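Enquirer: To start, I am sharing the structure in question, which I have written as structure tokens.
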Amino acid sequence: MISEFPLMLFTVLTGIACGAYVGAALFPKKGADEKAWLFPVIVLVLAACGGLAATGHLGRIENIFNVLNNPGASITMEGICTGVLAVVAIIDLVLAKQKGEANRTLRIVGAVVGIVFLCIVTSVYVKSYGNPVWMATPTYGIFVLGGLAAGFACWMLFADEDNKTLAIATAAVNVLFAIVLAWQAAVFSGAGAEGMMLIAVGAVAAIAAAVCAYLASSGKMAGKTAAYAVVVLAVIALFASRYGFYAASII
């Protein structure tokens, strides 16, 4: 197992949560929804599990207090973003439970927090001066597109089944993610870095997710069936490629 496994779980789980909020803001569900509260619950679980996983990187949970002494540190900013995202999800949950429908404004706030979160995480790795393959150009797209690809797929489980725009957007983002992963695999191969094959597996899974999403948009695959297939494939793509990405830390 890679030593950065806690960080991998953190970036994967919180990345999905961030991308899901972006999807919810861009492609809202129409009308009242008695189960609108379920989406923020999932986001909250993802954020909480991701934040808890990150503590494994610190060695001991009490080291969190040491991190707080350096507000400019990347891990501190990531922790703050995780907390803000969790607060937004809690408020979203309460309002959705009370009113029986999602609060569009709050979902937009969640999307903004999600984008900022993904950008902060990206900046951490493109500034990893000790690791040339992490500093490569494809890294700029891996975290943002990866979060959006899996997040949009996650939102497909909650959105209207006939939301063709969401399905097309999910397909497009997964294709872009696959392209960036192929580029990253080439960079890893050229540098002799570990993890190239897992990144390639991630690219293939992302393409498969895109195909299922496209079939859903064209009516050739049942909405819910496609949604489950897309989310499974997109999450596999994210996990495999992210594991491969962190495997390069041995350089």
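The end of the sequence shown is residue 250 by numbering that gives the first Met the number 0, with every number in the run present. Every residue, glycine too, gets a C-beta built ideally from N, C-alpha and C. Remember, it's a predicted structure, so these values are computed and weren't measured experimentally.
1. For the region 104-112 and the region 13-29, state whether three or more C-beta atom pairs, one from each stretch, are separated by less than 8 angstroms.
2. Mark Glu3 as exposed unless 16 or more other C-beta atoms lie within 10 angstroms of its C-beta, in which case mark it buried.
3. Closest by CA to Lys34, which one among Leu92, Ala88, Val200?
4. Out of Leu214, Phe244, Ser217, Ile206, which one is the CA nearest neighbour of Leu232?
5. Throw me the rounded Cβ distance for the Leu84 and Ala53 pair, which I believe falls under 8 angstroms.
6. Below 6 angstroms CB to CB, which residues in the same chain sit around Ala184 once its five sequence neighbours on both sides are set aside?
7. Roughly how far, in whole angstroms, is the beta-carbon of Ala226 from the beta-carbon of Met155, given that I think they are within contact range, below 8 angstroms?
8. Going by C-alpha distance, which of Ala202, Leu175, Glu160 is nearest Tyr242?
9. Would you report the Cα separation of Tyr213 and Cys80, rounded to the nearest angstrom?
10. Just verifying my parser: in three-state terms, what is the DSSP assignment at Ile27?
11. Tell me which residue opens and which closes the alpha helix (DSSP H) that Ser122 is part of.
12. Looking at the unbroken alpha helix (DSSP H) that takes in Val40, where does it start and where does it end?
Expert: Looking at the coordinates:
1. Flag = yes, the region 104-112 and the region 13-29 touch.
2. Taking the sequence shown and counting its residues from 1, one reaches residue 3 at position 4. By the neighbour-count rule (16 or more Cβ atoms within 10 Å), Glu3 is buried.
3. If you number the sequence shown from 1, residue 34 lands on position 35. Considering only alpha carbons, the answer is Leu92.
4. Reading the sequence shown from its first residue, position 233 is the one you call residue 232. Minimum Cα-Cα distance from Leu232 among the listed residues Leu214, Phe244, Ser217, Ile206 corresponds to Ile206.
5. By 1-based counting over the sequence shown, the position of residue 84 is 85. By 1-based counting over the sequence shown, the position of residue 53 is 54. Separation of the CB atoms of Leu84 and Ala53 is rounded to 13 angstroms, and the pair is thereby denied contact status at 8 angstroms.
6. As a first step, residue 184 must be located in the sequence shown, where it is residue number 185. So the qualifying residues of the chain are Met195, Ile198, Ala199.
7. By one-based count along the sequence shown, residue 226 stands at place 227. By one-based count along the sequence shown, residue 155 stands at place 156. At roughly 4 angstroms, the Cβ-Cβ gap stays under 8 angstroms, so Ala226 and Met155 are in contact.
8. Counting from one through the sequence shown, the residue named residue 242 turns up at place 243. In this structure, Ala202 is the residue among Ala202, Leu175, Glu160 with its C-alpha nearest to the C-alpha of Tyr242.
9. Indexing the sequence shown from 1 puts residue 213 at position 214. Indexing the sequence shown from 1 puts residue 80 at position 81. If you take the alpha carbons of Tyr213 and Cys80, they lie about 32 angstroms apart.
10. Taking the first residue of the sequence shown as 1, we reach residue 27 at position 28. It is worth fixing the name first, because residue 27 is Pro in this sequence and not Ile. Reduced to three states, the DSSP call for Pro27 is coil.
11. Here residue 122 refers to the residue found at position 123 of the sequence shown. Start and end: 103-125.
12. Indexing the sequence shown from 1 puts residue 40 at position 41. Its alpha helix (DSSP H) spans residues 37-53.
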